[in-house]
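Heads up, the thing below is written out as structure tokens.
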Amino acid sequence: MSTSRLRRVTVLVLDGAKPLDVGIPAQVFTNRASMPYEVRVCGARAGLVTGGDGLSYHVADGLEAVEWADLVFVPGYRQPDREDPPEAVLAALVAAHRRGARLAAISTGAFALAATGLLDGRRATTHWHYTRALAAKYPLVRVDENVLFVDEGTVLTSAGAASGIDLCLHVLRGDLGVAASNHAARRLVAAPYRSGGQAQYVPRSLREPVGERFAATREWALHRLDEPLSVPLLARHAAVSPRTFSRRFVEDTGYTPMQWVMRARLDLARELLERSEQSVEQIATVVGLGTGANLRQHFQQILGTSPAEYRRTFTRGE
1 MSTSRLRRVT VLVLDGAKPL DVGIPAQVFT NRASMPYEVR VCGARAGLVT GGDGLSYHVA
61 DGLEAVEWAD LVFVPGYRQP DREDPPEAVL AALVAAHRRG ARLAAISTGA FALAATGLLD
121 GRRATTHWHY TRALAAKYPL VRVDENVLFV DEGTVLTSAG AASGIDLCLH VLRGDLGVAA
181 SNHAARRLVA APYRSGGQAQ YVPRSLREPV GERFAATREW ALHRLDEPLS VPLLARHAAV
241 SPRTFSRRFV EDTGYTPMQW VMRARLDLAR ELLERSEQSV EQIATVVGLG TGANLRQHFQ
301 QILGTSPAEY RRTFTRGE
């Protein structure tokens, strides 16, 4: 990217675009003296674009703004798994990438990048609600459901909504350095760098009827998380062999029995961190992980953050 001129940023607004996703890059890379960027907002064509959440956008530029850009943001849009963007949009993105522009998707904007084929064989992420749909529709994409954003060099993707701020600040750090990124974060009243991934934001779901075969056994286990639980013990409750139990449990839930137990324990730990003043050591005992060190290890491995950081983020009233 040339340093002799302003860096060119285009925000490509597709039908059903989410307002927050559109606004984040437009505001982070704002046209101001302290920021060496020029920002344009465009659509598949100039004029009115029907957005999501009851809003519409009047954009001054069409796809010529994608041709002009050094960095193209694709904000998330509604129902991305149902229909691909117009062929002209996909072709413009491919052409921009071919001439060296970076492409960055926020939330479900990843579906548009995946439709171009540019994510094939690469890591990518999207909003946690759509990670499975993205993986199913584009099996060549290596979907990572736990991270806030993924930087693959010339293509970048981020998780839902506010993680677009994390992605934009990451781009600023690479372009202008840490000081400029921190200055932008202060202006946005945002954390300069958030630890962890989006797994920590996924709501508790283990009580939902993801499979009826062993629902009673799962419910039984949820009331005994502080006790030693094993596959033979769970299989005995379900009145089947351990081998049959393990195979069918994966079919029902997508997890092995012990993976499910661990996530159930971490879900309970998350609730206790949010709603109680118990120490990490006390919570580790309550959820069956024994020690605070054990809880911290599994919290980091699965949720990508620490219990203390999680508590600071989610404790109500702080």
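Using our numbering, count along the sequence shown one by one with no gaps and you end on 318.
From the three backbone atoms N, C-alpha and C, an ideal C-beta is built for every residue, glycine too.
Predicted model, so just to flag it, every value in this text is computed and none were measured.
Got a sec? Which residues, its chain only, sit under 7 angstroms from Ala235 by beta carbon, not counting five neighbours each side?
Ser241, Pro242 and Phe245
On the three-state DSSP scale, how would you describe Ala92?
helix
First through last residue of the beta strand (DSSP E) which encompasses Val74
Leu71 to Val74
Quick one: using the 10 Å Cβ neighbour count with 16 as the cut-off for buried, is Gly153 buried or exposed?
exposed
Extract the residue ranges of the alpha helix (DSSP H) inside the region 37 to 82, only unbroken runs of 4 or more that lie entirely within it.
64 to 68
Judging by CA-CA distance, which residue of Arg5, Arg45 and Thr50 is the nearest neighbour of Pro19?
Thr50
Following the continuous beta strand (DSSP E) through Leu103, name the residue where it begins and the one where it ends.
Arg102 to Ala105
For Leu71, which residues in the same chain have their Cβ closer than 6 angstroms to its Cβ, ignoring the five residues on either side in sequence?
Val9 and Arg102
Three or more beta-carbon pairs under 8 angstroms between the region 89 to 100 and the region 33 to 42, yes or no?
no
Proximity winner among Glu67, Val28, Ala179 and Arg5, relative to Gly100 (alpha-carbon distances):
Glu67
Run of the beta strand (DSSP E) containing Ser158, from where it starts to where it stops
Val155 to Ser158
Alpha-carbon spacing of Ala133 relative to Ala114, whole angstroms:
12 angstroms
Looking only at its chain, what residues have a beta carbon closer than 8 angstroms to the beta carbon of Phe299, apart from the 5 residues adjacent to it on each side?
Leu266, Ala269, Thr305, Ser306, Pro307 and Tyr310
Whole-number beta carbon distance between Arg263 and Asp213, since they are thought to touch under 8 angstroms
Reading the sequence as shown, one finds Arg at residue 213 and not Asp. Arg213 to Arg263, Cβ: 18 angstroms. No contact.
Closer than 9 angstroms to chain C by CB, Glu251
Considering every chain present, this structure includes no chain C. It has just one protein chain.
Is the beta carbon of Arg40 less than 9 angstroms from the beta carbon of Ala60?
yes
Under the rule that 16 or more other beta-carbon atoms within 10 Å means buried, what is Gln301, buried or exposed?
exposed
May I ask you to report which of helix, strand or coil DSSP gives Asp151?
strand
Give the DSSP-derived three-state secondary structure of Thr10 in the structure shown.
strand
Alpha-carbon spacing of Leu156 relative to Glu271, whole angstroms
32 angstroms
Could you tell me whether the region 172 to 187 touches the region 128 to 144, where touching means 3 or more Cβ pairs closer than 8 angstroms?
no
If you count every other CB in all the chains shown that lies within 10 Å of the CB of His127, and 16 or more means buried, which is it?
buried
CB-CB length for Gly164 against Asp21, believed under 8 angstroms:
6 angstroms
Which residue wins for smallest C-alpha separation from Ala110, given the options Glu87, Ala184, Gly121 and Pro80?
Pro80
Short of 6 angstroms in beta carbon distance, which residues of its chain neighbour Val89, apart from the five on each side in sequence? Order them along the chain.
Ala44
Nearest-angstrom Cα distance between Glu83 and Gly292?
47 angstroms
If you follow the alpha helix (DSSP H) that Phe29 is in, where does it begin and where does it stop?
Run containing Phe29: none; DSSP gives neither H nor E here.
Opposing strand residues paired with Arg275 [DSSP bridges]:
Bridge partners of Arg275: none, in fact.
If Val150 and Ala124 are in contact, beta carbons under 8 angstroms, what's the gap, nearest whole angstrom?
6 angstroms
Skipping 5 residues on each side, what residues in its chain have a beta carbon closer than 6 angstroms to that of Gln314?
In the sequence on display, residue 314 carries Phe and not Gln. Around Phe314: Glu274.
How is Val261 classed by DSSP in three states: helix, strand or coil?
helix
9 angstroms Cβ cutoff met for Leu229 and Gly290
no
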